[in-house]
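Chain order of the listed sequences is A and B.
Going by this note's numbering, the first residue of the first sequence is number 17, and it counts up by one from there.
Going by this note's numbering, the first residue of the second sequence is number 19, and it counts up by one from there.
For every residue, glycine included, the Cβ atom is placed at its ideal position computed from N, Cα and C.
In what follows, a structure is listed as structure tokens, so that the remarks can point back to it.
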Amino acid sequence: MADDPYSVLGVAKTASATDITKAYRKLAKKLHPDLNPGDKVAEEKFKKVTAAYDIVGDEAKRARYDRGEIDASGQEKPQQRYYREYAGGEDGARYRSAAGFEDIGEFSDLFGDLFGRGGAAGARGGARFSMRGQDAQYRLEVDFLDAVKGTKTRITLPDGETLDVTIPAGVTDGQVLRLKGKGHPGLGEGEPGDALVEISVRPHPVFKREGDDIIVEVPITFDEAVLGGKVEVPTIGGRVFATIPVGSNTGQTLRLKGRGIKSKSGTGDQLVKLNVVMPERIDDELKDFAETWRKSHAYDPRRKLKEQA
Amino acid sequence: MLSERDIIARVQHLTVTRLRVWVKQGWIKPVDEAAQAFSEADAARAVLICNLEDQLGFAEEDVPVLLSLIDQIHGLRSELMGVLAALEDLPPDVRATVRMRIESRRGGGR
Chain A
17 MADDPYSVLG
27 VAKTASATDI
37 TKAYRKLAKK
47 LHPDLNPGDK
57 VAEEKFKKVT
67 AAYDIVGDEA
77 KRARYDRGEI
87 DASGQEKPQQ
97 RYYREYAGGE
107 DGARYRSAAG
117 FEDIGEFSDL
127 FGDLFGRGGA
137 AGARGGARFS
147 MRGQDAQYRL
157 EVDFLDAVKG
167 TKTRITLPDG
177 ETLDVTIPAG
187 VTDGQVLRLK
197 GKGHPGLGEG
207 EPGDALVEIS
217 VRPHPVFKRE
227 GDDIIVEVPI
237 TFDEAVLGGK
247 VEVPTIGGRV
257 FATIPVGSNT
267 GQTLRLKGRG
277 IKSKSGTGDQ
287 LVKLNVVMPE
297 RIDDELKDFA
307 ETWRKSHAYD
317 PRRKLKEQA
Chain B
19 MLSERDIIAR
29 VQHLTVTRLR
39 VWVKQGWIKP
49 VDEAAQAFSE
59 ADAARAVLIC
69 NLEDQLGFAE
79 EDVPVLLSLI
89 DQIHGLRSEL
99 MGVLAALEDL
109 PPDVRATVRM
119 RIESRRGGGR
């Protein structure tokens, strides 16, 4: 037994025809199955709402219902087939829009080009019956510098065959490269699958990576820290001289512009983290100097510490 | 396949004028353009447009906005289904990894 059409629409029995239509439209806009693909609950509610409106939205039927001549489920309409039942199938492919994918290429270098091609072309549908080969999965360990600069390498597969892999510059640990058609062969006329190569990058003793930036910790001497000067610093492109400003400190970072990783998204920088290292042995000369200096130049680097904690 | 006549007979509230305007606007694309032949999907889409305009009271200029959004959703859904189907083919441990990564990207909350 269907619910009372007035309560389904949330209107009073005395509501005007306009109010009933308004109430119905408000609900129907929220619940219409084509505006809620995949939502079964909304569909059920929509059916109820529509059935209710079929009765009380029609003056003659409403009068009969009010007189008790027909009940709330009296006017079951032949089932309507909604557009969404076709929209996902082969027949609906013409209408499916790829406009939602235009930015996915920026989002994923590897998969961006995969999406949105089926929509407009309408070449889907039969796809599930094709006998495309399975994708094959491999893991490949690469040196840090190879990952940074890109390289070509060759994998030998278990069956003795080899696979040439181009490692793009700036590849990250865990990234998966897709080699089209290099997976297991397809059956019949099916295309071969793809090879999926998961890259794992070996850590480097000196270089660390943060996005496209390279981070290197460089020890400097006490006198270099005080006087400044040029020190030789390793970069992924070879050694360069970096200028240490006068009065440098441990933890201070110098930025070498453009010395980071060149990837599709741009070129990173190298960040040089300075680490002031005292001489291994403190001789008398240094001791004497420190004592004299302290007398006339006392300073308190812990002032903030005391203020805050 | 449905002729212009068939589809008009099939879809309540559809008239020749309406149908031709919709085809001209590109809201409905006949399966076979040359023969102006329509498919079941076209008929269902015509029902949808009638629904939007007549039952739900959307203005004519709102319809292309709604259709575009609906078409985008179905495009996205179709690709999502494809991705899910492709994931189904992967070994269980890889699927578990993918699941984990998706969850961690969501930040663990819903």
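Nonlocal neighbours in the same chain, by C-beta distance under 6 Å from residue i, ignoring five residues either side
i	result
R28 of chain B	A61
Q191 of chain A	I215
P21 of chain A	A68, I71, V72 and A88
R36 of chain B	none
Residue j beta carbon less than 8 Å from that of residue i
i	j	result
G54 of chain A	A39 of chain A	no
R78 of chain A	V72 of chain A	yes
G209 of chain A	H200 of chain A	yes
R112 of chain A	S86 of chain B	no
V249 of chain A	V288 of chain A	yes
A44 of chain A	T66 of chain A	yes
Y99 of chain A	V65 of chain B	yes
Q153 of chain A	D107 of chain B	no
V158 of chain A	R97 of chain A	no
G108 of chain A	A103 of chain B	no
V256 of chain A	L290 of chain A	no
L47 of chain A	K61 of chain A	yes
Nonlocal neighbours in the same chain, by C-beta distance under 8 Å from residue i, ignoring five residues either side
i	result
G244 of chain A	T259, I260, P261, V262, G263 and S264
V164 of chain A	A185, G186, F223, R225, I230, I252 and I277
E78 of chain B	E71
L84 of chain B	L70 and F76
R341 of chain A	This structure gives no information on residue 341 of chain A, because the portion of chain A shown stretches from 17 to 325.
T283 of chain A	D228, G274, G276 and I277
F145 of chain A	Only weak support is given to the placement of F145 of chain A: the predicted model assigns it a pLDDT of 42, under 50, and the question is left unresolved by the model.
K168 of chain A	D180, V181, T182 and I183
H31 of chain B	C68 and D72
D24 of chain B	F56
Q43 of chain B	P82
Within chain A, the residues that residue i reaches when beta carbons sit closer than 9 Å
i	result
S86 of chain B	S113 and A115
K47 of chain B	R110 and Y111
Neighbour list for residue i in chain B, Cβ cutoff strictly below 9 Å
i	result
Q150 of chain A	D107
P53 of chain A	I88, I91, H92 and R95
Chain A contact residues for residue i, given Cβ-Cβ distances below 7 Å
i	result
E58 of chain B	Y102 and D107
Q90 of chain B	S113, A115 and G116
A114 of chain B	In chain order: nothing, as chain A lies at least about 14 Å away.
A52 of chain B	Chain A residues near A52 of chain B: none, gap ~15 Å exceeds 7 Å.
A27 of chain B	Simply none; closest approach about 15 Å.
Interface partners of residue i on chain A, CB under 8 Å
i	result
R38 of chain B	By Cβ distance, chain A contributes nothing, its closest Cβ being about 18 Å from R38 of chain B, past 8 Å.
S194 of chain B	Outside the displayed span of chain B (19 to 128) sits residue 194 of chain B, for which this structure offers no information.
V65 of chain B	Q96, R97, Y98 and Y99
Reduced DSSP category for residue i - H, G, I as helix; E, B as strand; rest coil
i	result
Y99 of chain A	coil
L195 of chain A	strand
N291 of chain A	strand
S21 of chain B	coil
S122 of chain B	helix
V29 of chain B	coil
Q54 of chain B	coil
I183 of chain A	strand
F66 of chain A	The residue you asked about is not Phe; residue 66 of chain A is Thr in the sequence shown. Helix at T66 of chain A.
Y315 of chain A	coil
R63 of chain B	helix
K47 of chain B	coil
G116 of chain A	helix
A76 of chain A	helix
A88 of chain A	coil
K93 of chain A	The pLDDT assigned to K93 of chain A is 41, lower than 50, so where the model puts this residue is not dependable, and the model offers no usable value.
K278 of chain A	strand
is_contact[residue i, chain C] using C-beta, thresh 8 Å
i	result
Y154 of chain A	Going by chain labels, chain C is absent from the structure shown, which instead holds the protein chains A and B.
Listed by chain order, chain B residues near residue i by CB distance under 7 Å
i	result
K397 of chain A	Here chain A has residues from 17 to 325 only, and residue 397 of chain A is not among them.
D50 of chain A	L66 and I88
Under 8 Å by beta carbon: chain B residues contacting residue i
i	result
R170 of chain A	Neighbours of R170 of chain A on chain B: none; closest Cβ ~24 Å, over 8 Å.
R41 of chain A	Q73, L74 and G75
Cut-off 7 Å between Cβ atoms - residues of its own chain near residue i, not counting five sequence neighbours on either side
i	result
A136 of chain A	Caution applies to A136 of chain A, whose pLDDT of 43 falls short of 50 and renders its modelled position unreliable; the model cannot decide the point.
Self-check item: Segments assigned alpha helix (DSSP H), at least 4 residues, entirely inside the segment 213 to 272 of chain A
Solution: 238 to 243
Exercise. Within the segment 141 to 177 of chain A, note down every full alpha helix (DSSP H) run reaching 4 residues or more, in order along the chain.
Key: 160 to 165
Self-check item: Length-filtered (4 minimum) alpha helix (DSSP H) runs lying within the segment 19 to 60 of chain A
Solution: 21 to 25 and 33 to 47
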